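Undergrad: Those letters in the sequence shown? Residues 5 to 530, by my numbering.
Attaching a single structure in structure tokens format; questions to follow.
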Amino acid sequence: MQDLFEIDDLDLAGRIGRISTRRGSIETPSLLPVIHPYNQIIGIEEITKIGFRGVMTNAYITLKKYGDEARSRGIHEIIGFDGPIMTDSGGYQVLEYGEIESNPLAMAEFEENIGSDLAIILDTPTGATGSREEAENTVRLTLDACKETLDGLKSRSSMWIGPVQGGQFLDLVDYSAKAISKMDFDMYALGSPTVVMESYNFTLLAKMILAAKTALPPSKPFHLFGLGHPLPLSMAVALGCDTFDSASYILYAKDGRYITDAGTRDIQELVALPCSCPVCISYSAKDIRESQQRTILLARHNLYILWKEIQATKQAIREGRLWDYVGAKARSHPNMWAAFNYIAKNWDYFEKFTPLSKSRGVFVSSSPDDLQPAVQRYDQRFDWIAPKRIIMVLPDNGERPFLLSSVYSKVAADLSNDFSLYYVAIPFGLIPVEISDVYPFSQIVIADDVLDDPVLAERVATRIRNQLKSIKPAKLVLVVNTSAQGQMNDFLRKTLKAGAIVKIDGKEDLVQKIKSATRSKKVKGR
């Protein structure tokens, strides 16, 4: 099948795109609520009213309940939904019970017969097994099922999804993904993340996604099984996940759990409801606790929160702010913060997908904001610049672009022939004035106390030292504005170790002060 996935917008590895099915398209990123084939508590009409345009249901349960009736009626009529439907072929039941009363080819033929739009191979999920031998067996069985299904299907009307297994064993994930990539699938999926997410092991989740994504072609959509919580969703999108499925909205509701942006809360513990969805503006926490429809009310709220998170993530991609959005989510939980710091180290993966220029600037609050692709990309390209051998570092007064700043305008005409002029912008380090109006140097917003972060400060200092090694200046002059932030001046003196330091306070003739200082003392080489 061709042209099933079109990408409209990119940021990091997150993409807004369209998966085209015979029942319409799904805009990514997208969450597909799991619908029970015959015992659905929240009506499909309400789910679509909230905004969801695709759902997931279980083909194996459908087969056990309806049999041949399902073949004649079709899955869309059975659950009462006209849009795209993804069907799980029983892998979850295999994970729960060890086996099911069917085989991969028979289930695949059934999924085709009932009109599944997005069909999943009957795989053997790795789950949370700690045994490598067991994990290897799940990978082998899943790959065998993939081959049996694709070779045995007489015709294909559904889009077929190849599930990657391996669990916590990242080399097995890599092996599984590479093998799946050589098969004729329309879409890929990562199996067994649910238990990882339930334990809030978001760093392992990120590692699993990266292991799979780096071994698969990026041109096809990628599904993540079982992610149904707002906290890690934007991170998963940033790593390249396009669709998700989850029954969390109803499972949490049955347990009395209320989903928030940063975690789940027991409804018994809540006094105020931190949400403005239709449920939360119509009922108090006490009302929900005492209602005979408690489960339904909580499930509705949970769906609204999941929908809001999908929309917020899409908007972050459109604005080129996905890094900032993931970072904000990460700061709400220690395990997410650890995962954010982990993925920040994989800038080369993100750099391949991140646009070279954006309409929005770079925000830097603390580490690891200094590792985002826009900063690392400059690091890799700095040695393209061939400056004069004598350089001067001017004080940055915050005006953007620096080419139009009052500091530069005072010295450009008289000193630019003698010196290559630079300024220091955190976290990029040394910026040649000539490119200061280029993205992202003219669009930086930096926290006032950013250098209080010792990790970030040391990385920036190392970056500047490496830049100076690339430039190899014969002489370096540092101009310090004594009326500016002392912390920055101290940082520059310590890091640059200039041959001459010219102190100004903004009142005297800047050019004359620089000329006088550089004449009156020998400007030492570094």
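Note that beta-carbon positions come from the ideal geometry of N, C-alpha and C, so glycine has one too.
Everything numeric in this text was worked out from a predicted model, so none of it was measured.
1) What number of angstroms, rounded off, separates the C-alpha of aspartate 456 from the C-alpha of glutamate 273?
2) For the ligand FAD, any of its heavy atoms closer than 7 Å to the Cβ of isoleucine 213?
3) Can you give me the C-alpha to C-alpha distance between leucine 36 and valine 59, rounded to a whole angstrom?
4) CA-CA distance, threonine 130 and threonine 142?
5) Locate the beta strand (DSSP E) running through serine 288, then write down its first and last residues.
6) Under 8 Å, do isoleucine 508 and lysine 501 count as touching if we go by C-beta distance?
7) Go ahead and pull the three-state DSSP assignment for glutamine 6.
8) Phenylalanine 344 and alanine 17 look like a contact to me (Cβ under 8 Å); what is the Cβ gap, rounded to whole Å?
9) Since proline 167 and isoleucine 124 should fall inside the 8 Å C-beta cutoff, what is the C-beta to C-beta distance between them, to a whole number of angstroms?
10) When we look at the beta-carbon of arginine 467 and count the other beta-carbons within 10 Å, is it buried (16 or more) or exposed?
11) How many Å lie between aspartate 270 and asparagine 306 at the Cα?
12) Quick check on the DSSP output: the alpha helix (DSSP H) that includes asparagine 470 runs from which residue to which?
13) Report the partner residues of glycine 28 according to the DSSP bridge assignment.
14) Taking the C-alpha atoms as reference points, what is the distance between arginine 463 and glycine 503?
15) Quick one: residues in its chain with C-beta nearer than 6 Å to the C-beta of threonine 499, no 5 flanking neighbours on either side, listed in chain order?
16) Among the residues of its own chain, which have a CB less than 7 Å from the CB of aspartate 127, if the five just before and after it don't count?
17) Nearest-angstrom Cα distance between tyrosine 42 and phenylalanine 173?
18) If I follow the unbroken beta strand (DSSP E) through tyrosine 426, where does it start and stop?
19) Three-state secondary structure (DSSP) at serine 185?
20) Identify which residue in Phe386, Pro359, Arg364 has its Cα closest to the Cα of proline 377.
21) According to DSSP, simplified to helix, strand and coil, what is proline 88?
TA: Quick answer:
1) Distance between the alpha carbons of aspartate 456 and glutamate 273 is about 37 Å.
2) Absent from the structure shown: the ligand FAD. Ligands present: none.
3) 4 Å
4) Between threonine 130 and threonine 142, the alpha-carbon positions lie close to 6 Å from each other.
5) From DSSP, serine 288 is part of no beta strand (DSSP E); its letter is neither H nor E.
6) Taking the C-beta atoms as reference points, lysine 501 is found no nearer than 8 Å to isoleucine 508.
7) Low local confidence applies: a pLDDT of 48 at glutamine 6 is under 50, so the model's placement there is unreliable, and no value is given.
8) Incorrect: roughly 14 Å between the Cβ atoms, too far for contact.
9) 6 Å
10) buried
11) 13 Å
12) 458 to 475
13) Thr25
14) 23 Å
15) Same-chain partners within the cutoff: Ala465, Ile468.
16) Closer than 7 Å at Cβ, skipping near neighbours: Gly95, Thr146, Ala149, Pro167, Gln169, Gly195.
17) 36 Å
18) Element bounds for tyrosine 426: 424 to 429.
19) If DSSP states are grouped into helix, strand and coil, serine 185 belongs with the helices.
20) Pro359
21) Correct three-state label for proline 88: coil.
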